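Residue numbers (my numbering), protein chains in the order written: chain E, 206 to 542; chain W, 206 to 542. We treat Cβ as the ideally placed atom computed from N, Cα and C, and that holds for glycine. It should be emphasised that the depicted structure is a prediction, and the values quoted were computed from it without experimental measurement. Here is the structure we will look at.
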DNA sequence: GAAAGGAGTCGAAGCGCTTCGACAGCCTAT
DNA sequence: ATAGGCTGTCGAAGCGCTTCGACTCCTTTC
């Protein structure tokens, strides 16, 4: 293993000079710099991460806590994780992958040991038990998701309330008066992860404003559960012509079931989904949808964190404005031009 | 920040004693141990990761390199990643998340800097450019996937050749004589990631042995691409009654298309999938499938790695035996009991 | 009853890096 | 000419931990 000292000797300078060449924290003459850089290359030197962390009390690692559950919106999670890792690297950070399993203990362990300089938390619940710890420590953190009380925290999330409103508006403009919402699994609502509730509030508020009828039903996803949900919806509101789906696992089953029942999309019923674009474009009907901007969320989170680590940036809540893309699954309500 | 020295002082022992209590590398009297443990608890001490890594030249971190592409079998990747993280924790390791983006440089960086003690690589290509580096370093590593030359490497993977054979056998036993394989996207074959080719070889070999006709077509996935692929298959082999699908994104479209064409599953055609159980059970027809044991692969990989780090264990290739679960998508070929 | 060995503890020497203060040399402003 | 201020470099002091050898008691063994 090559050390700083060996590089210094090879280049004929002192160890501290090599260190300053590496960090750029003091000015170094061009000739010296080149000589050192050449030695580094020739010897294949890589600074020892542990020594660096010890001396500088900076690990250059960002911890990312992902939910343990692999039962919902997995592709979104994965996309966020990869965006986080990629963005972090461009700022010189590596990413430590933590699962939700350890809960608050993981936060304690990581902040306590100096393993990471900062944390990103995904899948935050409204009243998450990790939040007090984050507020207490001076280690920067960013949440992806929105808890009930955001004071002293930085959060990044899609504006799900606006998302709900946007979906309703779109359907209203097309003349739909009876709208059904196929929501996430009941467990998601029980867990109070926030985003599902916020979407619902947005949907309801705008529906009320526009005088539409809105029926919401949670749905486990998968073919059988969706079939049951759909049957109940048409049972209760036979005149339903607009659907909003916020559950990836219910999208394709819903389309299959509608087809089977002889209801054409978008001629008889319109469907608007809240899902990643990939799902929307790969479905059997290209779906009008509000995209979940996974990459953007991951990137934002890292950039806020890096800003904080650099002493810039402050606590704030960033809600990303939703964008609705019209595709082939929505059209005028029956009997409308 | 609490340090070892402070704990030592608080407990009235020397620093080295505290260290030995923590590591268990020398015997400590019960009374001393308890006193030290109490001080640790009272002061809320967490060993500094950097200092530990520097002194012991062990970071207790395992690097996990995941593919950057989020275009295929994402849930499998995610499940593996989470299994890796969870298993690693039970052995006292944390997981560093690297994306394939950096390629060989990431390997150099991580091994050179001592950031991680070992590596797990996913999405290994047949002739992966990272392999020479892994062979050259003395840092343990495990591949999830199988390259062309496995000498000096440890690999964990599903036995995809046996998987292919198993699928064909199942369909043959039910009397199907004309079998079509809907494969992964063409890009997957071009990239030579191995698993797709190995499945195909297994399928072909057994089909030959059993005297079946086999038609293989790569498929991009998604509704439109699957429709084209399916049309071509029936065009070329109108008598096809058995399908093997190895592309999650083609599963649901295939079922929808068959239904639409009035071909009942499993009465007219049988479908066998190679996919995670979750996909198989959530599909519109519960699918007969060979599961991709993502969790098991992740767990295996970590356990091999830990064994190597402990000086146990050696290079070897572990192929997990496939298991076929019969569900509702396969049955006797038409005209057969 | 002396030698041999084990159990339990301590002190000190690093691990490889960052960073602070010091200082030599040079340029500019008086 | 001389004080003052840059620029570029060096030496040394740690950062918090692990680990090795040494030492002190005790227990065992013939």
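In its own chain, which residues sit with a C-beta less than 6 Å from the C-beta of residue 342(E), not counting the 5 before and 5 after it?
For the purposes of this step, residue 342(E) is identified with residue 137 of the first chain, where counting begins at 1. The residues 316, in chain order, have a CB closer than 6 Å to that of residue 342(E) in the same chain once the five nearest residues on each side in sequence are set aside.
From the DSSP output, in three-state form, read off residue 296(W) for me.
Position 91 of the second chain holds residue 296(W). In the three-state reduction of the DSSP assignment, residue 296(W) falls in the coil class, being assigned neither a helical nor a strand state.
Compile a chain-ordered list of the residues in the segment 220-237 of chain E whose CB is closer than 7 Å to at least one CB of chain W.
Cβ contacts with chain W: none found.
For residue 534(W), which residues from the same chain have a beta carbon less than 6 Å from its beta carbon, with the 5 sequence-adjacent residues on both sides left out?
As a first step, residue 534(W) is located in the second chain; it is residue number 329 there, counting from the start. Apart from the 5 residues on each side of it in sequence, residue 534(W) sits with its Cβ closer than 6 Å to the Cβ of 470, 471, 476, 490, 492 and 493 in its chain, given in chain order.
Sequence ranges, beta strand (DSSP E) only - wholly within the segment 305-355 of chain E, length at least 3
Taken in chain order, the complete beta strand (DSSP E) segments of 3 or more residues contained in the segment 305-355 of chain E are 323-327 and 346-349.
Would you please verify whether the beta carbon of residue 282(W) is less than 8 Å from any beta carbon of chain E?
Locating residue 282(W) in the second chain gives position 77, where the first residue counts as 1. Closer than 8 Å to some Cβ of chain E, the Cβ of residue 282(W) qualifies, so yes.
Can you look up residue 270(E) in the DSSP assignment and give me helix, strand or coil?
Looking up residue 270(E) in the first chain gives position 65. Of the three classes helix, strand and coil, the one that applies to residue 270(E) here is strand, per DSSP.
Spell out whether any CB of chain E is found under 8 Å from the CB atom of residue 317(W).
The residue given as residue 317(W) occupies position 112 in the second chain. Yes, residue 317(W) counts as interfacial toward chain E.
Could you tell me whether the Cβ of residue 423(E) comes closer than 8 Å to any Cβ of chain W?
Taking the first chain and counting its residues from 1, the one referred to as residue 423(E) is at position 218. Proximity of residue 423(E) to chain W, defined by a Cβ-Cβ separation below 8 Å, is not satisfied.
8 Å Cβ cutoff, residue 540(E) in contact with chain W:
For this step, residue 540(E) is matched to residue 335 along the first chain. Taking 8 Å as the threshold, the shortest C-beta distance from residue 540(E) to chain W does not fall below it.
Just to confirm, is the Cβ distance from residue 352(E) to residue 394(E) under 8 Å?
The residue labelled residue 352(E) in the question sits at position 147 within the first chain. The residue labelled residue 394(E) in the question sits at position 189 within the first chain. No, they are not a contact pair.
CA-CA distance, residue 542(W) and residue 446(W)?
What you label residue 542(W) is simply residue 337 of the second chain in a count that begins at 1. What you label residue 446(W) is simply residue 241 of the second chain in a count that begins at 1. Taking the straight line from one Cα to the other gives about 15 Å.
Rounded to the nearest angstrom, what separates residue 251(E) and residue 391(W) at their Cα positions?
Along the first chain, one-based indexing puts residue 251(E) at 46. Along the second chain, one-based indexing puts residue 391(W) at 186. About 39 Å.
Against chain W, does residue 393(E) count as a neighbour if the rule is that its beta carbon must be under 8 Å from one of theirs?
As a first step, residue 393(E) is located in the first chain; it is residue number 188 there, counting from the start. Residue 393(E) does not count as touching chain W.
Can you confirm whether the segment 371-385 of chain E touches the segment 522-540 of chain E when touching is taken to mean that 3 or more C-beta pairs between the two stretches lie within less than 8 Å?
The segment 522-540 of chain E makes contact with the segment 371-385 of chain E: 3 or more CB pairs, one atom from each, lie closer than 8 Å.
How would you list, in chain order, the residues of chain E whose beta-carbon sits under 8 Å from the beta-carbon of residue 287(W)?
Translated into positions along the second chain, residue 287(W) becomes position 82. Residues of chain E passing the Cβ test: 271, 273, 275 and 304.
Using three-state DSSP, classify residue 533(E) as helix, strand or coil.
The residue given as residue 533(E) occupies position 328 in the first chain. Residue 533(E) carries a coil assignment under DSSP once its states are collapsed to helix, strand and coil.
Hey, is residue 328(W)'s beta-carbon within less than 8 Å of any beta-carbon in chain E?
Here residue 328(W) corresponds to residue number 123 of the second chain, with the count starting at 1. False, the Cβ-Cβ gap to chain E never drops below 8 Å.
Pair within 8 Å by beta-carbon distance, residue 368(W) and residue 495(W)
Mapped onto the second chain, residue 368(W) falls at position 163. Mapped onto the second chain, residue 495(W) falls at position 290. Using a Cβ distance threshold of 8 Å, residue 368(W) and residue 495(W) count as a contacting pair.
Within the same chain, show all residues whose beta-carbon is closer than 6 Å to that of residue 199(E), passing over the 5 residues directly before and after it, in chain order.
With chain E covering only 206 through 542, there is no way to say anything about residue 199(E).
Is there a C-beta anywhere in chain E that falls below 8 Å from the one on residue 428(W)?
Locating residue 428(W) in the second chain gives position 223, where the first residue counts as 1. Interface residue, yes.
How many Å lie between residue 212(E) and residue 248(E) at the Cα?
To locate residue 212(E), count along the first chain from 1; it is residue 7. To locate residue 248(E), count along the first chain from 1; it is residue 43. Straight-line Cα distance between these residues: approximately 7 Å.
Span of the alpha helix (DSSP H), counted from its first residue to its last, around residue 233(W)
The sequence position of residue 233(W) within the second chain is 28, counting from 1. Unbroken run through residue 233(W): none, as it is neither H nor E.
Candidates 327(W), 256(W), 370(W) and 312(W): which alpha carbon is nearest residue 289(W)'s?
Along the second chain, one-based indexing puts residue 289(W) at 84. Put simply, of 327(W), 256(W), 370(W) and 312(W) the residue whose alpha carbon is nearest the alpha carbon of residue 289(W) is 327(W).
Tell me where the beta strand (DSSP E) around residue 595(W) begins and ends.
Residue 595(W) falls outside the range modelled here, since chain W spans only 206 to 542, and no answer is possible.
Using alpha carbons as the reference points, say which of 433(W), 441(W), 480(W) and 483(W) lies closest to residue 462(W).
Working through the second chain from its first residue, we reach residue 462(W) at position 257. Closest in alpha carbon position to residue 462(W), among 433(W), 441(W), 480(W) and 483(W), is 433(W).
Using the Cα positions of residue 429(W) and residue 452(W), report the straight-line distance between them to the nearest angstrom.
Indexing the second chain from 1 puts residue 429(W) at position 224. Indexing the second chain from 1 puts residue 452(W) at position 247. Their backbone Cα atoms lie some 14 Å apart in a straight line.
For residue 468(E), which residues in the same chain have their Cβ closer than 8 Å to its Cβ, ignoring the five residues on either side in sequence?
For the purposes of this step, residue 468(E) is taken as the residue at position 263 of the first chain. Counting only Cβ-Cβ distances below 8 Å, and skipping sequence neighbours, we find 474.
Residues that DSSP places opposite residue 480(E) in a beta bridge:
Reading the first chain from its first residue, position 275 is the one you call residue 480(E). 496(E), per the DSSP bridge assignment.
Between residue 511(W) and residue 296(W), how many whole angstroms is the CB-CB distance? I'm expecting something under 8 Å.
Against the second chain, residue 511(W) aligns to sequence position 306. Against the second chain, residue 296(W) aligns to sequence position 91. Right, the Cβ-Cβ distance comes to about 5 Å (below 8 Å), so this counts as a contact.
I'd like to know whether the C-beta of residue 340(E) is nearer than 8 Å to at least one C-beta of chain W.
For the purposes of this step, residue 340(E) is taken as the residue at position 135 of the first chain. Taking Cβ atoms only, chain W never reaches closer than 8 Å to residue 340(E), which makes this a no.
Would residue 292(W) and residue 503(W) be called neighbours here (beta carbons separated by less than 8 Å)?
Here the question's residue 292(W) lines up with position 87 in the second chain. Here the question's residue 503(W) lines up with position 298 in the second chain. Against a cut-off of 8 Å, the Cβ pair of residue 503(W) and residue 292(W) comes out as a contact.
When the Cα of residue 543(W) is compared with those of 334(W), 354(W) and 225(W), which residue comes out closest?
The structure shown does not extend to residue 543(W), since chain W is modelled only from 206 to 542, so the question has no answer here.
Does any CB atom of chain W fall closer than 8 Å to the CB of residue 334(E)?
For the purposes of this step, residue 334(E) is identified with residue 129 of the first chain, where counting begins at 1. At least 8 Å separates the CB of residue 334(E) from every CB of chain W.
So residue 325(E) and residue 385(E) are supposed to be a Cβ contact under 8 Å. How far apart are they, rounded?
As a working note, residue 325(E) is residue 120 in the first chain. As a working note, residue 385(E) is residue 180 in the first chain. For a cut-off of 8 Å, the C-beta gap from residue 325(E) to residue 385(E) is around 35 Å, too long to register as a contact.
Return the CA-CA distance between residue 436(W) and residue 417(W), expressed in angstroms with no decimal places.
If you number the second chain from 1, residue 436(W) lands on position 231. If you number the second chain from 1, residue 417(W) lands on position 212. Roughly 21 Å between the two C-alpha positions.
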